[in-house]
Amino acid sequence: MSIDPANSCAVLTVAEMQAADRAAIADGTPGHVLMTRAGTAVASEIRRRWSPRPVLILCGPGNNGGDGFVAAQVLAASGWPVRVALLGDRTALRGDAAGAAATWSDAIEAARADAFGDVQLIVDALFGAGLARDLTGDARALIEAMDAHPAPVVAIDLPSGLDGDSGAVRGAAPSAMLTVTFARKKPAHLFAPAYVGDVVVADIGIADAIVAQLRPRLFESAPALWRDLFPWPARDAHKYARGHAVVWGGAQMTGAARLAAHAAARIGAGLVTISAPRDVWSIYALWRADILVEPRDELGDWKRTLEDPRRNAVLIGPGAGLDQPLVAATEMADGKQLVLDADALTAFAGHALPRGALLTPHDGEFKRLFALDGADRLGSVRRAAAASACTLLLKGPATIIASPDGTAIVSTNGTPYLATAGTGDVLAGLCVGLLAQQVAPLVAGAIAAWLHGACARRVGPGLVAQDLSERLPAILADLACG
352 MSIDPANSCA VLTVAEMQAA DRAAIADGTP GHVLMTRAGT AVASEIRRRW
402 SPRPVLILCG PGNNGGDGFV AAQVLAASGW PVRVALLGDR TALRGDAAGA
452 AATWSDAIEA ARADAFGDVQ LIVDALFGAG LARDLTGDAR ALIEAMDAHP
502 APVVAIDLPS GLDGDSGAVR GAAPSAMLTV TFARKKPAHL FAPAYVGDVV
552 VADIGIADAI VAQLRPRLFE SAPALWRDLF PWPARDAHKY ARGHAVVWGG
602 AQMTGAARLA AHAAARIGAG LVTISAPRDV WSIYALWRAD ILVEPRDELG
652 DWKRTLEDPR RNAVLIGPGA GLDQPLVAAT EMADGKQLVL DADALTAFAG
702 HALPRGALLT PHDGEFKRLF ALDGADRLGS VRRAAAASAC TLLLKGPATI
752 IASPDGTAIV STNGTPYLAT AGTGDVLAGL CVGLLAQQVA PLVAGAIAAW
802 LHGACARRVG PGLVAQDLSE RLPAILADLA CG
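Set out below in structure tokens:
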């Protein structure tokens, strides 16, 4: 099974969303109907969250402004005190935006930095995702004044000033409390959480079939995306049918491999083995009765550990130690599903990476292997995946998983409480446990990253790495029932 391109978790670029609008219109839904639905959806979300209060709707010169005029009409008809301010000349409005403005019979003010007064809610309908250049002059001053005002901001489509495809700020942008977008999210909704606030995706009648025709290559990780791809065990399953994960254990930082092995077992791998240096074998062997441990003195022992074809997935890196022959150990795992993390990633700097592997770097490790453009993290990960023929999982507030073909999934449910030792080892263990169960690397990375975040949120303050795997059964049970 593969990811459905029409899935509700699909994320559309600005160009793809424009194409979806055109396709919906060509399919028989007039543009003014789409605009009416969009503006009405914005007004509905506002009424659901706030009681009537003085609201200022800032309208821009394009279709985003047209959505704003519709929202103004709906709110005013519901008894809200509404003011509308337009950036630009009303006579310059064209098409559906001009038609929406014509429905507003009250005064239209000039949108200026001093226009806010004592409003208690601001609706940003200036530019949305249609911004094509950095903001300057009066437009920038207006947005800076909006951001400085104490009233909460509701953004239509996107807070004005955000680049829709990257989330970068193009001069200035307000921090919205709520953003209402349409049909599907855009990349900026994933990468600029401090600006978009709560994001609501409203259905305005763009059919799933239209989205599928666009063949989107970016998705947000959530159970709706991969629940049907999760390796739930069959009724007649046995441990060998659920895969056998092998973890390279280090001689000094023994906790890292143990955290990873425990996570691999919790996520469903039928068996998990740690290959441990003989000098510290007892530390591993006395730890848990459900994890197998084999002693290792040299690479020959490692090779024998891997000879059993049922041992189908391998993790190298957590706590491994840079004084170990990690590149050679990785080469011996040829033909296995492979996860490289931590020290293994550092060891491969200057070496050809094993094709098909799942790599789980943080920023520093990524930079040692590839070029990282801070303004285009998604593009950086996609280029690295294509160049290396590996699946990349770049950890961060928005964790990006990308396959060599350019398909990418972003997990946005992380928490700052994950910024503590050992949590990355747990994530790597989740990945190898899923690979052992024959989940494709891209999907394995997406599932692992989302579950990692979900477990962390369940723990909250005081989190330490070993808490994560203990929360996993309850979360999986919820997913199985969902």
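Residue numbers (our numbering): 352 to 833.
The beta-carbon is built from N, C-alpha and C at its ideal position, and this holds for glycine as well.
Since the structure is predicted, the reported quantities are computational estimates derived from the model, not experimental observations.
Query	Result
PRO381 classed as buried or exposed, judged by whether at least 16 other C-beta atoms fall within 10 angstroms	exposed
Pair within 8 Å by beta-carbon distance, ALA527 and VAL547	yes
Neighbour-count burial assignment, CYS832, 16 or more Cβ in a 10 Å radius	exposed
6 Å CB neighbourhood of ALA615 in its chain, flanking five on each side removed	ALA596, VAL623, GLY780, VAL783, GLY784
Spatial distance of LEU657 from PHE699 (CA atoms)	21 Å
Buried versus exposed call for ARG647 [16 or more other C-beta atoms within 10 Å across all chains shown]	buried
Alpha-carbon spacing of ARG593 relative to PRO584, whole angstroms	7 Å
Neighbourhood of ALA496 by C-beta distance below 7 Å, restricted to the same chain and skipping five residues each side	ALA464, PHE467
The beta strand (DSSP E) enclosing ALA627, as first and last residue numbers	622 to 628
Same chain only: Cβ atoms within 7 Å of GLY621, ignoring 5 sequence neighbours per side	LYS590, TYR591, ALA592, ARG593, GLY594, HIS595
Selected residue, minimal CA-CA separation from GLY601, among GLU571, ALA573, ARG639, VAL644	VAL644
Unbroken stretches of the beta strand (DSSP E), 3 residues or longer, contained in the stretch 740 to 770	742 to 745, 750 to 753, 759 to 762
Which listed residue (ALA443, VAL761, GLY417) has its alpha carbon closest to that of VAL435	GLY417
Residue from VAL665, PRO405, VAL406 with nearest C-alpha to ALA787	VAL665
Local conformation of ALA361 per DSSP, three classes	strand
Outcome for PRO705 when other beta-carbon atoms lying within 10 angstroms are tallied against a minimum of 16	buried
Local Cβ density within 10 Å of ALA490, reported as buried at 16 or more and exposed below that	buried
Identity of the residues DSSP links to PHE542 by a beta bridge	According to DSSP, which records beta bridges pairwise, PHE542 is partnered with nothing at all.
Test item: CB-CB of LEU482 and SER517 under 8 Å	no
C-beta atoms of LEU438 and LEU472 nearer than 8 Å	no
Which residues DSSP lists as bridging TRP599, in chain order	SER626
Beta carbon of PRO525 nearer than 8 Å to that of ILE494	yes
Residues of its chain near LEU529, where Cβ-Cβ distance is below 6 Å and the 5 sequence neighbours each way are ignored	VAL505, GLY548, ASP549
Per-residue DSSP class, three states only, for PHE533	strand
Sequence-distant residues of the same chain with beta carbon closer than 6 Å to VAL470, five excluded per side	PRO405, LEU407, ALA502
Spatially closest choice to TYR635 from ASP659, ALA427, ARG609, by CA coordinates	ARG609
Assigned secondary structure, ARG292 (DSSP; H/G/I helix, E/B strand, else coil)	Since the displayed the chain opens at 352 and closes at 833, residue 292 lies outside it and no answer follows.
Ordered list of alpha helix (DSSP H) runs contained in the stretch 622 to 676, each at least 4 residues	632 to 636, 650 to 657
Assigned exposure category for LEU729 - 16 Cβ within 10 Å defines buried	buried
CB-CB length for TYR768 against PRO824, believed under 8 Å	Incorrect: roughly 20 Å between the Cβ atoms, too far for contact.
Whole-angstrom C-beta distance between ASP514 and ALA539, which should lie under 8 Å	6 Å
For PHE570, the three-state DSSP class (helix, strand or coil)	strand
Minimum length 4: unbroken alpha helix (DSSP H) runs contained in the stretch 367 to 421	382 to 400
Inter-residue Cα distance where the pair is VAL520 and ALA545	11 Å
Sequence-distant residues of its chain with Cβ nearer than 6 Å to LEU385 (five each side left out)	ILE555
Residue interval of the beta strand (DSSP E) (run including ARG300)	Here the chain comprises residues numbered 352 to 833, so residue 300 is not present and cannot be evaluated.
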